[in-house]
Amino acid sequence: MSDWHAYHQTSAQLPPRELLLKALEVANGPARATDIGCGSGRDTLHLVAEGWEVEALDSSAEALALLAAKTPPAARGRLTLTQATMEDATLRPARLVYAAMSLPFCAPSEAPALWSRIAAAVEPGGVFAGHFFGPRDAWAANGLWTLSRLDLDTMLSGWSVLHLTEFEGMRTTATGHEKWSHIFEVVARR
181 MSDWHAYHQT SAQLPPRELL LKALEVANGP ARATDIGCGS GRDTLHLVAE
231 GWEVEALDSS AEALALLAAK TPPAARGRLT LTQATMEDAT LRPARLVYAA
281 MSLPFCAPSE APALWSRIAA AVEPGGVFAG HFFGPRDAWA ANGLWTLSRL
331 DLDTMLSGWS VLHLTEFEGM RTTATGHEKW SHIFEVVARR
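Positions in the sequence shown are counted from 1; adding 180 to them yields the numbering used here.
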């Protein structure tokens with residue numbers, strides 16, 4: 181991803197992702213949630229509208245400003261904005277830890293530590309939902325964190341996997357570009 185400004189502007193207009201809706205079906209909320217790599221908040225806004233108390237994490241001040249501007253006044257008390265990289269962020273306990281299309285952008289050398297912090301942050305009985313890129317994704321050559329299906333299965337051992345899909349094919353990105361995608365979508369209970 182090279183044009184984060186365009187991504188934040190475009191994604192701010194989109195509805196919540198299907199992954200979030202699937203996670204909410206099993207997360208037993210509203211409660212506390214963390215949105216890692218929240219961007220301009222398309223999913224965060226849905227969470228706060230549903231009554232969740234959300235910590236929205238992103239490294240981009242621009243994205244967080246867009247999210248703050250779009251947050252209805254009545255929901256602002258349920259939203260905490262934190263500017264930090266996912267590698268450096270402190271993750272507090274939460275019923276739902278959500279990471280849509282963000283974890284692949286973690287520095288691969290930091291990924292094991294980040295995953296350990298995510299696992300520790302999900303409350304007992306809580307839910308993790310997120311995306312991972314597979315090794316055949318077009319952006320894998322850019323030094324992103326990618327996982328094979330075996331790697332993912334190993335990482336999720338000890339979790340109850342409620343939803344796992346693998347997609348491989350051409351896909352239009354949020355900014356309108358076509359790319360070859362290899363994506364795993366996961367919802368798992370701790």
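The beta-carbon is built from N, C-alpha and C at its ideal position, and this holds for glycine as well.
Please work out which residues of its chain come closer than 7 Å, Cβ to Cβ, to Thr326, disregarding the five sequence neighbours upstream and downstream, and give them in chain order. Within the sequence shown, the letter at position 146 stands for residue 326. Around Thr326: Pro284, Phe313, Gly314, Pro315, Asp317, Ala320.
Going by Cα to Cα distance, which pick from Ala279, Gly257, Leu261 is closest to Gly197? As a position in the sequence shown, residue 197 is number 17, starting the count at 1. Correcting the residue type first, residue 197 is Arg in the shown sequence and not Gly. The candidate whose alpha carbon is nearest that of Arg197 is Ala279.
Does DSSP put Met335 in a helix, a strand or coil? One-based indexing of the sequence shown puts residue 335 at position 155. In the three-state scheme derived from DSSP, where H, G and I count as helix and E and B as strand, Met335 is classed as helix.
What residue from Ala274, Glu233, Leu237 has the CA that sits closest to Ala254's CA? Your numbering for residue 254 matches position 74 in the sequence shown. Cα-wise, what sits closest to Ala254 is Glu233.
Return the first residue and the last residue of the beta strand (DSSP E) that Leu247 is part of. Here residue 247 refers to the residue found at position 67 of the sequence shown. Taken as a continuous stretch (DSSP letters only), Leu247 belongs to no beta strand (DSSP E), being part of the alpha helix (DSSP H) at 241-250.
For the region 335-351 and the region 225-232, state whether three or more C-beta atom pairs, one from each stretch, are separated by less than 8 Å. no
Which residues share a DSSP beta bridge with Lys359? Taking the first residue of the sequence shown as 1, we reach residue 359 at position 179. Arg351.
Verify whether the separation of the beta carbon atoms of Arg369 and Leu344 is less than 7 Å. As a first step, residue 369 is located in the sequence shown; it is residue number 189 there, counting from the start. As a first step, residue 344 is located in the sequence shown; it is residue number 164 there, counting from the start. No.
Taking the alpha-carbon positions, what's the Leu237 to Ala269 distance? On the sequence shown, residue 237 is found 57 positions in, with the first residue counted as 1. On the sequence shown, residue 269 is found 89 positions in, with the first residue counted as 1. Near 8 Å, if we compare the C-alpha coordinates of Ala269 and Leu237.
Is it the case that the Cβ atoms of His311 and Glu346 are separated by a distance below 7 Å? In the sequence shown, the residue the question calls residue 311 occupies position 131. In the sequence shown, the residue the question calls residue 346 occupies position 166. The answer is no: Cβ separation not under 7 Å.
In angstroms with no decimal places, state the Cα-to-Cα distance between Asp223 and Ala213. For the purposes of this step, residue 223 is identified with residue 43 of the sequence shown, where counting begins at 1. For the purposes of this step, residue 213 is identified with residue 33 of the sequence shown, where counting begins at 1. Their backbone Cα atoms lie some 11 Å apart in a straight line.
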